[in-house]
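In full-length UniProt numbering, the protein residues as written are 1 to 817.
Notes follow the structure.
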């Protein structure tokens, strides 16, 4: 590591980010990084090291065990006798679990540094095994198909789907809702025939010759296939002639076999370079879908642990996750909301074939299929008759308040949260639900109808069109700046809801749907779906026992965000109606929400307490739970520091006061400066650049430029940087320039403007201006009343900074000197 000084900070960060790239490219969780980091506690390098560890979910084991403020040291200067703690052991979360002790031996003089010893219980490192790719034995899985196979599949589907009875006579029955069991059996029959037709057509159109058994050799088709075919033909010819031990036939067989083995050996020894060449070819052909798909495959696929929480058998592990993911409905202290069903009048709900076609066409391809193996590709290539058939089927389901059991069946897959964490800990996994493609299309149709009835408060920014996390952060920073610039401090409470999406109470949700006058058909279909959906956890290829949802919106459902927004909307309305807290030009901005992330803003402690009481009461009556340990208080100063403040409590527990908080990924500080967030982005950029340079070093310049634009130009929330030092801003700019030099293999001190011009790539200032212009356009064109109020205020510091940036004076008028 370089010497600890500000001039060497970028080099120090590059060293750390190169280590992170090495760790990322390995399929190993328990990693120990030991050495002389030249990072003494309290100094520049140590602050950078600890910040880097926080970003990467790492820990400094020796400082965590011995205490950062202890009198520990590992080096004594011979010049002036000063003591420094320069040697450290940085570990991943998984490795931290096996560290049992740390010692420094002051009686051993091997060098001018004292030995640092890390004591570990390596028996706690869990064994793993490679999870083989799911082979396409079930040919229903779409996979890669050529135009001939797709055409064959299309023709088979058209023929089979035309033969399915649509039961049109059941559509007008009971005018709206029908509970006839025979009709429900007919709906089951119709669904099963549609799925069976698509599955059989997929199997029949599958070209078995495309499937090779055994280990897949990268580059086989391009380098080995022809040599293998020639060698096999000459071998068969040699066998047919009695296997002569000499002569022309023997020589041809021998030479062809030798050539085949050479090419096979070449592919085995140059797998990495072949992958890079494949990327180049896809990029030249502008096949960007497969280009990005191949890019993701470059990183190693993680293995899975042999045991989870001490359980080894796959079926038992699946059932363990079933209990972990299943959330039981909490007891709500207030009375349960009840209502009487009434029959609405009006035009019954129905779906048109054009609606179904638009949904299918807009859905993303290449997604994992549900339990039936059908994916969006099956629907896209099934022919024009499918849209009308599905429109009739979904209309029947709505009119009869019924869905087939197989349509609602969902597979839940545990996904690792932290790749370098303890993969044997069930808490390190989150669930991903794989619904059937038929359910996804229906969910999208319901989402279109639902969105037309919801009128949500403008303080909710999550899951709403044309709004993003930047919109929420902009509103927060503008509101705080509006008050602090007028010498008024702001008290902000950042609240954390525990498993908010999983704790939605169904009785209350249906009542809220009734309040927005949603048609009875839609409410009934939601109730039936949530009441009858069957879930199974899949671990390797083993399924757990079935279980149902007791509460919470469906994970991954298209309607789930809208339903959750509706569930939480009344809280935002009640907070706004209190008449306390922050307001701008008549708009109360005392709360800002993005899904389940909420922050309360108030210029006084008493007003903040009122807002917290409203939140506490609402959570109690709606079955929600605030995590007090993760909820914090941040005071935005308006001048001198505020040393002490009265206690602020949530659920009768005092909130912990912090001086810096990461809100929606953006670092906020008490003085509203952006240096900390710029440093966060600089470290992230260094890591991304090193990963690219290690993984794609042998690619062509065109591929490298494409990857650089995709991964190194996305400066998250850079358009909101207003108050920063020139040092922090320039450090990020230099890091950006160096990242391009490293990836392209250019000299370290070549002209930045020249290299970006030669390679047709935007420089740092151009990226910042584009991001600012994009957000400014979205803010001024937004229908959100809060954002409109912000855009109309010409004295807004953020807007003023945006204007100055576009006058080509970046980092001057908006900076702190």
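Every residue gets a Cβ at the ideal spot worked out from N, C-alpha and C, and that includes glycine.
Can you list, in chain order, the residues of its chain whose CB lies under 7 Å from that of residue 314, leaving out five sequence neighbours each side?
Once the five neighbours on either side are set aside, the close Cβ partners of residue 314 are 539, 540 and 542.
So, do the region 623-638 and the region 650-657 have three or more beta carbon pairs nearer to each other than 8 Å?
Under the three-pair Cβ rule at 8 Å, the region 623-638 counts as touching the region 650-657.
Please classify residue 163 as buried or exposed, where buried requires at least 16 other C-beta atoms within 10 Å of its C-beta.
exposed
Check residue 554 in the structure and name its three-state DSSP category.
coil
Answer yes or no: do residue 720 and residue 477 have a C-beta to C-beta separation smaller than 8 Å?
yes
Residue 345 to residue 461, Cα distance in whole Å?
Any reading at residue 345 needs caution, since the residue's pLDDT is 47, under 50, leaving its predicted position unreliable; the model's value is listed next. One C-alpha to the other measures close to 33 Å.
Counting only the same chain and skipping the five closest in sequence on each side, list residues whose C-beta sits under 8 Å from that of residue 447.
558, 559 and 562
State the CB to CB distance for the pair residue 424 and residue 308, rounded to an integer number of angstroms; the pair is presumed to be in contact (CB under 8 Å).
6 Å
DSSP three-state label for residue 128, please.
Here residue 128 sits in strand by DSSP.
State the DSSP-derived secondary structure class of residue 774, mapped to helix, strand or coil.
helix
Alpha carbon to alpha carbon, what distance is there between residue 390 and residue 48?
57 Å
In three-state terms, what does DSSP make of residue 98?
In the structure shown, residue 98 falls within a coil segment according to DSSP collapsed to helix, strand and coil.
Going by C-alpha distance, which of 773, 786, 782 and 783 is nearest residue 835?
Outside the shown range of the chain, which is 1 to 817, sits residue 835, and nothing can be said about it.
Return the first residue and the last residue of the alpha helix (DSSP H) that residue 532 is part of.
520-532
So residue 695 and residue 25 are in contact, right, with Cβ under 8 Å, and what is the actual spacing, rounded?
About 7 Å separates the two Cβ atoms, so the contact holds.
List the endpoints of the continuous beta strand (DSSP E) containing residue 599.
597-602
Would you tell me roughly how many angstroms separate the C-alpha atoms of residue 120 and residue 587, rounded to the nearest one?
Rounded to whole angstroms, the separation of the alpha carbons of residue 587 and residue 120 is 57 Å.
Hey, how far is the Cα of residue 679 from the Cα of residue 22?
Each residue's alpha carbon lies about 22 Å from the other.
According to DSSP, is residue 593 part of a helix, a strand, or is it coil?
strand
Near residue 816, what residues of its chain come up, given a Cβ to Cβ distance below 6 Å and the 5 sequence neighbours on each side ignored?
Caution applies to residue 816, whose pLDDT of 43 falls short of 50 and renders its modelled position unreliable; the value that the coordinates give is listed next. Answer for residue 816: 725, listed in chain order.
Is it right to say residue 564 is buried, meaning 16 or more other beta carbons lie within 10 angstroms of its own, or is it exposed?
buried
What is the rounded straight-line gap between the Cα of residue 419 and the Cα of residue 59?
About 14 Å.
Would you say residue 320 and residue 311 are within 8 Å of each other, going by their C-beta atoms?
yes
Run through the DSSP bridge pairs and tell me what residue 117 is partnered with.
103
Cβ of residue 59 within 7 Å of any heavy atom in the ligand MG?
With respect to the ligand MG, the structure shown offers nothing to examine, as it has no ligands at all.
Taking DSSP as the reference, what is the three-state secondary structure of residue 14?
Per DSSP, reduced to three states, the secondary structure at residue 14 is helical.
Please list, in chain order, all residues of the same chain as residue 746 whose beta carbon is under 8 Å from its beta carbon, the five residues on each side excluded.
740 and 755
My output table needs one value for residue 449: the three-state DSSP class, helix, strand or coil.
helix
So, at 7 Å on beta carbons, what are the nonlocal neighbours of residue 572 in its own chain, with the 5 sequence-adjacent residues on each side left out?
457, 459, 460, 591 and 593
Do residue 93 and residue 422 have their beta-carbon atoms positioned less than 8 Å apart in this structure?
yes
Can you give the Cα-Cα distance for residue 600 and residue 466, rounded to whole angstroms?
So the two alpha carbons sit approximately 23 Å from each other.
Could you name each continuous alpha helix (DSSP H) segment of 4 residues or more that falls completely within the region 426-477, going from the start of the chain to the end?
437-451
What separation, rounded to the nearest whole angstrom, lies between the Cα atoms of residue 381 and residue 153?
Approximately 7 Å between the Cα atoms of the pair.
Helix, strand or coil for residue 184, going by three-state DSSP, please let me know.
Assigned with DSSP and collapsed to three states, residue 184 falls in helix.
I'd like the list of long-range same chain contacts for residue 234, defined as Cβ closer than 6 Å, with 5 residues on each side in sequence excluded.
252, 253 and 256
Label residue 105 either buried or exposed according to how many other C-beta atoms from any shown protein chain fall within 10 Å of its C-beta, with 16 as the threshold for buried.
exposed
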